[in-house]
């Protein structure tokens, strides 16, 4: 954002006793590593424990990462 000091992003702080330290920061923009899918799921009241991506396999693996917990047949 040209001529602006206010940009979307994230900042991580860490508490050490009575002190708080700025640990890390990043700016959101083209090429960032953040997935908007989780924000959209959050709007629906879902999170990583209530939603599992469903992949279409030519042949389903014998074991699934989540144990097949949320498979939709």
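Residue numbers (my numbering): 41 to 113.
The C-beta atom is built at its ideal place from N, Cα and C for all residues, glycine as well.
Selected residue, minimal CA-CA separation from residue i, among the options
i, options, result
"residue 69", "46, 89 and 55", "46"
"residue 48", "66, 100 and 54", "66"
Whole-angstrom distance between residue j and residue i, CA atom to CA atom
i, j, result
"residue 106", "residue 90", "12 angstroms"
"residue 60", "residue 72", "26 angstroms"
"residue 93", "residue 52", "28 angstroms"
"residue 55", "residue 43", "33 angstroms"
"residue 83", "residue 111", "22 angstroms"
In DSSP terms, what residue i is bridged to
i, result
"residue 85", "None, per the DSSP bridge assignment."
"residue 110", "DSSP output for residue 110 lists no bridge partner at all."
"residue 49", "67"
"residue 56", "59"
8 angstroms Cβ cutoff, residue i in contact with chain C
i, result
"residue 109", "The structure shown has no chain C; it contains just one protein chain."
Endpoints, the beta strand (DSSP E) within which residue i is located
i, result
"residue 63", "59-67"
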